[in-house]
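Have a look at the structure below, then the notes.
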Amino acid sequence: MDFALSEEQGAIFDMAQAFGAEHIAPHALAWEKDGTIPKDLWPKLAELGFAGLYVSEDSGGSGLTRLDATLVFEALSMSCPSVAAFLSIHNMCAKMLDTFGSDDQKARFLAPALTMQTVFSYCLTEPGSGSDAVALKTRAARTDDGFALTGTKAFISGGGYSDAYIVMARTGDEGARGISALIVEDGTPGLSFGGLEDKMGWRAQPTRQVQFDACTVPAANLMGDEGKGFKYAMMGLDGGRLNIAACSLGAAQSALDATLAYMGERKAFGRPIDQFQALQFRLADMEIELQAARTFLRQAAWKLDTGAPDATKFCAMAKKFVTEAGSRVADQCLQLHGGYGYLADYGIEKIVRDLRVHQILEGTNEIMRLIVARQMLEARG
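Sequential numbering from 427 applies to the sequence shown in our numbering.
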């Protein structure tokens with residue numbers, strides 16, 4: 427059993443970390459205030475192969491493993507988890523196009539997605555269906571030319587910002603088998619957006635409702651087989667859970683790094699506060715927790731890459747454990763900064779806010795517990 431990263435994996439992490447330090451970290455606070463990420467950032471990331479991390483090399487992607495991808499998102503999140511998480515969403519869409527898209531769709535959509543000339547968003551959640559995603563109401567009615575799409579999607583990262591959307595809609599009866607995946611391009615008649623959501627965290631990525639009013643979708647934009655959309659959506663969740671856990675890990679690590687430096691400079695009662703044993707214990711506890719989280723995450727990624735039968739269970743466990751550990755560490759880092767941790771200029775309070783949503787999306791942590799418990803009961807027989 428070898429826990430060491432390969433030389434190539436180390437290089438991938440270092441490249442992503444260096445890119446974030448140069449192109450993302452200096453602007454993260456400003457982008458949060460502006461409520462948007464400049465679109466010229468994405469082609470720069472695409473030049474590194476980060477727009478199609480696990481898209482096959484035959485399709486023009488990087489062909490990396492899921493473990494490799496967690497390294498990218500961990501490293502980028504050390505500069506800004508909001509930016510890294512948005513990139514994860516785009517990568518999920520690119521992988522869906524690679525796996526289920528037709529040759530025509532790959533030419534029209536995947537090729538520009540890999541350069542990030544076309545930025546993708548993903549539309550599953552609705553105002554009345556979150557964890558119970560199969561209850562979605564958005565409907566795609568058949569027309570002579572394709573589909574008329576009607577409904578509303580909620581909490582969509584990149585709503586009104588992205589260039590195209592992969593939309594889960596009902597083309598058949600109730601239940602999972604009635605759901606299909608459609609590609610909707612920005613500017614399509616009948617497509618509109620709600621107001622910008624005023625969020626606690628992830629403020630750099632614009633989030634809006636995506637609304638469809640008899641939105642015209644050509645038949646050529648049906649991705650894969652009709653009625654298979656929900657299956658496609660679920661197939662991407664294990665990897666998405668690893669990615670969001672990696673975003674928590676990277677951001678929490680950056681908070682701990684900043685706290686360690688701060689404690690060596692900040693003095694109280696005549697000495698640096700890192701000389702107080704009680705505070706040293708807290709530093710040690712955070713280091714232990716993040717190292718455990720990192721090992722757990724990479725084990726889950728390895729299981730997913732190797733097709734282990736318990737990969738879904740491990741991805742759920744890692745998502746739950748790592749996102750909660752990341753938030754605990756970030757909160758402790760704010761506490762150790764004292765009043766300065768509460769100020770935006772220090773960047774710690776942003777990490778606390780950004781990481782909170784990681785326990786909600788990609789399946790709530792309550793749903794992660796259900797997945798684990800059900801698999802335990804099933805294994806018991």
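Think of the CB as a built atom: it goes at the ideal place given N, C-alpha and C, for glycine as much as any other residue.
What you are looking at is a predicted structure, and each value in this text was computed from that prediction instead of being measured.
Cβ contact annotation for Thr-564 (same chain, cutoff 6 Å, sequence separation greater than five): Gly-577 and Ala-595, in chain order.
According to DSSP, residue pairing for Lys-579 in a beta bridge involves Val-636. Inclusion of Ala-559 and Ala-567 in the CB contact set at 8 Å is not warranted, their separation being larger than that value. Around the beta carbon of Thr-569, fewer than 16 other beta carbons sit within 10 angstroms, so the residue counts as exposed. Within the model, the alpha-carbon separation for Ala-718 versus Arg-708 is close to 15 Å. Here Ala-477 carries a coil assignment [DSSP, helix/strand/coil]. Assignment of beta-bridge partners to Cys-641 by DSSP yields Leu-575. Sixteen is the threshold: when 16 or more other Cβ atoms of the shown chains lie within 10 Å of the Cβ of Gln-443, as they do, the residue is buried. Leu-455 sits in a helix when the DSSP states are folded into three classes.
Listed as beta-bridge partners of Lys-693 by DSSP are Pro-698. Annotated as distal: Asp-624 and Thr-738, with beta-carbon spacing of 8 Å or more. For Leu-536, there is no enclosing beta strand (DSSP E), since its DSSP letter is neither H nor E. Exposed is the label assigned to Tyr-768, since fewer than 16 other Cβ atoms lie within 10 Å of its Cβ. Taking 8 Å as the cut-off, the beta carbon of Ser-606 is found closer than this to the beta carbon of Gly-655. In the structure shown, Leu-648 falls within a strand segment according to DSSP collapsed to helix, strand and coil.
Fully enclosed beta strand (DSSP E) runs of no fewer than 3 residues occupy 565-568, 572-583, 590-596, 605-611 and 617-619 of the region 560-627, in order along the chain. According to the DSSP assignment, Ser-547 belongs to the beta strand (DSSP E) that extends over 546-549.
If you compare the alpha carbons of Leu-562, Ala-590 and Thr-597 with that of Ala-580, the shortest gap goes to Leu-562.
If you draw a 10 Å sphere on the C-beta of Met-802, you find fewer than 16 other C-beta atoms in it, and that means exposed. The bridge partners DSSP lists for Ser-555 are Glu-552.
With fewer than 16 other Cβ atoms from the protein chains shown falling within 10 Å of its own Cβ, Phe-695 counts as exposed. Contact check for Ala-742 and Ile-797: beta-carbon distance about 4 Å, within the 8 Å limit, so the pair qualifies.
Check the Cα spacing between Asp-683 and each of Ala-756, Pro-538, Pro-553 and Thr-525: the tightest is with Ala-756.
Straight through space, the alpha carbons of Glu-804 and Met-542 are spaced by roughly 42 Å. Remark: fewer than three beta-carbon pairs, one from each stretch, lie closer than 8 Å, so the region 608-623 and the region 660-680 are not flagged as touching. Excluding residues up to 5 positions away in sequence, Pro-632 lie with their Cβ nearer than 6 Å to the Cβ of Thr-462 in the same chain.
Non-local C-beta neighbours of Ala-744 in its own chain, meaning closer than 6 Å and more than five positions away in sequence, comprise Ala-671, Phe-722, Leu-723 and Ala-726, ordered along the chain. The three-state secondary structure of Arg-667, taken from DSSP, is helix.
Within the model, the alpha-carbon separation for Ser-432 versus Arg-795 is close to 32 Å. Distance from the CA atom of Met-518 to the CA atom of Ala-510, rounded to whole angstroms, is 13 Å. Within the same chain, Cβ atoms closer than 8 Å to the Cβ of Ser-557 are found at Gly-789, Thr-790, Glu-792 and Ile-793, the five residues on either side in sequence being excluded. The three-state reading of DSSP puts Arg-754 in helix, counting H, G and I together.
The shortest C-alpha to C-alpha distance from Ala-751 to any of Lys-729, Gln-679, Trp-728 and Ala-704 is the one to Gln-679. Membership of Gln-785 in any alpha helix (DSSP H) is not indicated, and neither H nor E is assigned to it by DSSP. Closest by C-alpha distance to Ile-450, out of Pro-735, Ser-583, Arg-806 and Ser-505, is Ser-505.
Within its own chain, the residues whose Cβ lies closer than 7 Å to the Cβ of Cys-549, once the five positions on either side in sequence are excluded, are Lys-579, Ile-582, Tyr-591, Ile-592, Val-593, Met-594 and Val-636, listed in chain order.
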